[in-house]
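Here the structure is laid out as structure tokens; the discussion comes afterwards.
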Amino acid sequence: MIALVTGASRGIGAAIARQLAADGMDVAVVYRREQEQAETVAEACRQAGVRSLAFQADVAGEDGCRDLLSAVRAQLGPVQVLVNNAGITRDGLCMRMSRDQFTAVLDANLTGTFLMCRAVLPDMVKARSGRIINMTSAAGVHGNAGQVNYAASKAGVIGLTLSLAKEVASRQITVNAVAPGFIETDMTAVLAQKVRDAALEAIALGRFGQPEDVAKLTAFLASAAAAYITGQVIEISGGLKL
Ligand code: NAP
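Taking the working numbering, I'd label the letters of the sequence shown as residues 2 to 243.
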């Protein structure tokens, strides 16, 4: 099996790439800027005994996604498991948010997911099988103050997931979304202490999750055991109430 993980140079994406490799899949490790970190992740995957290479692409760019899929097909083969994990935040209050701040997040998180799905589907339809797992967020399910751009993008990812699941089910392609709460990565490391404290109060399990927690769920959805699951949004948040 050949898997492609976007945003795999660090954080949740890096943990997913490592977990899929541990499960025996060949992995395309996609990064935008951090080549060295992506190469380290690909090397760790190879240590698990699978083929793995790092590929550079900006998922918000139409040509970038098409060229990426061509490069992965040429060097590893057609992608059978797509994990749309790349994502950004540009937090701020709505009344002070610039249009650029809003659209940058929509472009990376939502349009990027659409472009990657569109680029990978011809191979999956031809193979009459495939797995797509989209990273959304608890903020996209429940909303979160200071994140109208991010929550809108992640709610959009949910709508895309539910619709695409219906569109491609007849080809035995499953499409699901994973919705993490607060996970310890660079994305949450920048949160102010009072925001972290408030988050901890709202998490039933009383702690942030680890990237590996999300990786295990994602790997399950990519596995044969999850063949009958499609069109679902699965929250992994330690019982977070936003
Ligand atoms: P992170 O540590 O900030 O890493 C984000 C990754 O996405 C990086 O590898 C980054 O690559 C890549 N990326 C961003 N924009 C990209 C673009 N336009 N094209 C290609 N790659 C791009 O984030 P994380 O915390 O691991 O989050 C991973 C995913 O989980 C995101 O979709 C995020 O929204 C979601 N999520 C995270 C949390 C959390 O608490 N951490 C909670 C809910 C959902 P470069 O570094 O090369 O730019």
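We put the beta carbon where it would ideally sit given N, CA and C, even for glycine.
Three-way DSSP call (helix, strand, coil) for residue i in this model
i	result
Asn85	strand
Arg19	helix
Leu241	strand
Phe103	helix
Gln211	coil
Gln148	strand
Ile230	coil
Glu37	helix
Arg11	coil
Met98	coil
Leu116	helix
Pro79	coil
Ser224	coil
Asp108	helix
Gly142	The identity of residue 142 in the sequence shown is Val, whereas the question assumes Gly. Note: Val142 maps to helix in three-state DSSP.
Ala61	coil
Burial state of residue i, where buried means 16 or more other Cβ atoms lie within 10 Å
i	result
Asn96	The sequence shown places Met at residue 96, not Asn. With fewer than 16 other Cβ atoms within 10 Å, it is exposed.
Leu83	buried
Val215	buried
Ala75	exposed
Pro123	exposed
Gly14	buried
Tyr32	buried
Val191	exposed
Arg34	exposed
Leu21	buried
Leu207	Correcting the residue identity first, residue 207 is Gly in this sequence and not Leu. Gly207 is exposed by the Cβ-count criterion.
Gln81	buried
Gln148	buried
Ala225	exposed
Residue from the options whose Cα sits closest to the Cα of residue i
i	options	result
Ala140	Phe209, Lys155, Glu35	Lys155
Val60	Cys46, Asp24, Leu111, Arg100	Leu111
Ala43	Val176, Asn150, Asp27	Asp27
Arg47	Glu63, Leu77, Asp68	Leu77
Asn135	Leu94, Ser71, Ile159, Lys127	Ile159
Asp68	Asp92, Arg132, Met98, Met117	Met117
Ala223	Thr41, Gln36, Phe56, Asn85	Asn85
Ser238	Val176, His143, Phe221	His143
Thr114	Gly88, Asp101, Phe56	Gly88
Ala45	Ala9, Gln57, Gly65	Ala9
Thr104	Cys66, Ile133, Gly131, Ala152	Ala152
Glu168	Gly182, Met125, Asp198, Phe183	Met125
Arg52	Gln36, Met2, Leu241, Ile17	Met2
Beta-bridge partners of residue i, as assigned by DSSP
i	result
Val179	Met136, Ile235
Val30	Val6, Ala55
Gly93	Gln148
Gly131	Ile174
Ile184	Gly210
Ile159	Looking at the DSSP assignment, Ile159 forms no beta bridge with any residue, so it has no partner.
Ile204	Leu241
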